[in-house]
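Trainee: Numbering (my numbering), first residue to last: 2 to 229. Don't be surprised by glycine CBs; every beta carbon is placed ideally from N, CA and C. My questions will all concern the structure given below.
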């Protein structure tokens, strides 16, 4: 009973912390579309993300059909419907973890909305810019995702760059190669804020979640020297 109450209270705090609401803002003033399950579409760029094998064994899923009680079901959702750990490979080959925020989560038991359901990316950036990791990228830079056990990416991801001066959208790209090319050609205005989202589902859980990822990026100095 204590375990169930603890899980229940934790879930309530999670839901209120992310401003749970039944009225979802589905697009922002700068054109972002989050691919929500209620009619929106996914970004068709699955090849842009490289899932990282974890080698973990998937646990059994408590469901009504296998006899799992409500507390087991609730705890399973909280433990497994979590954000993937996404990293950006720098020009030097270093793996740098991106800043993460939940956009939304919708399951049979838990519903939550993050800031980006109600704010545009441009209006959110000033509030988090100081917390973003700085990454110097090169021609081989790519994004990798360490998926939670049982999770899979739904639809892939697209990439956006925003100005560090006025937070305006300056580039929409299908992959990191385009992002790198832009940073190389427009190095004088660097850094830029990189933004992407990933939608994921999890085995045994009805629903999905979408998470946003951010970094401050610029072309690596050694790359700029070679280009000049």
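Taking the beta carbon of residue 217 as the centre, do at least 16 other beta carbons fall within 10 Å, making it buried, or is it exposed?
Mentor: Result: buried.
Trainee: Are the stretch 181 to 201 and the stretch 73 to 81 touching by the rule of at least three beta carbon pairs closer than 8 Å?
Mentor: Touching, no.
Trainee: Contact defined as beta carbons within less than 8 Å: I believe residue 211 pairs with residue 104. What is the distance between those atoms, to the nearest angstrom?
Mentor: Their Cβ separation, rounded to whole angstroms, is 4 Å, which keeps residue 211 and residue 104 in contact under 8 Å.
Trainee: Per DSSP, residue 88 forms a beta bridge with which residues?
Mentor: Answer is 98, 145.
Trainee: Going by DSSP, what residue range makes up the beta strand (DSSP E) through residue 133?
Mentor: From DSSP, residue 133 is part of no beta strand (DSSP E); its letter is neither H nor E.
Trainee: Please report the straight-line C-alpha distance between residue 169 and residue 71, rounded to a whole angstrom.
Mentor: Residue 169 and residue 71: Cα-Cα distance of roughly 46 Å.
Trainee: With a floor of 3 residues, list each beta strand (DSSP E) that falls wholly inside the stretch 182 to 209, ordered by position along the chain.
Mentor: The stretch 182 to 209 contains these whole beta strand (DSSP E) runs: 193 to 203.
Trainee: Please determine, among 207, 92, 222, 94, the residue with the shortest C-alpha to C-alpha distance to residue 151.
Mentor: Of 207, 92, 222, 94, the residue nearest in Cα terms is 207.
Trainee: CB residue 163 to CB residue 129, shorter than 8 Å?
Mentor: Contact flag unset, no.
Trainee: Quick one: Cα of residue 198 to Cα of residue 214, how far?
Mentor: Distance between the alpha carbons of residue 198 and residue 214: 6 Å.
Trainee: Based on DSSP bridge pairs, tell me the residues matched to residue 113.
Mentor: Residue 113 pairs with 106.
Trainee: Can you tell me whether residue 232 is buried or exposed? The criterion is at least 16 other CB atoms within 10 Å of its CB, across all chains shown.
Mentor: Since the first residue of the chain shown is 2 and the last is 229, residue 232 is not available in this structure.
Trainee: Taking residue 102 and residue 117 to be in contact with their CB atoms under 8 Å, please state how far apart those CB atoms are, rounded to whole angstroms.
Mentor: About 7 Å; that satisfies the 8 Å criterion.
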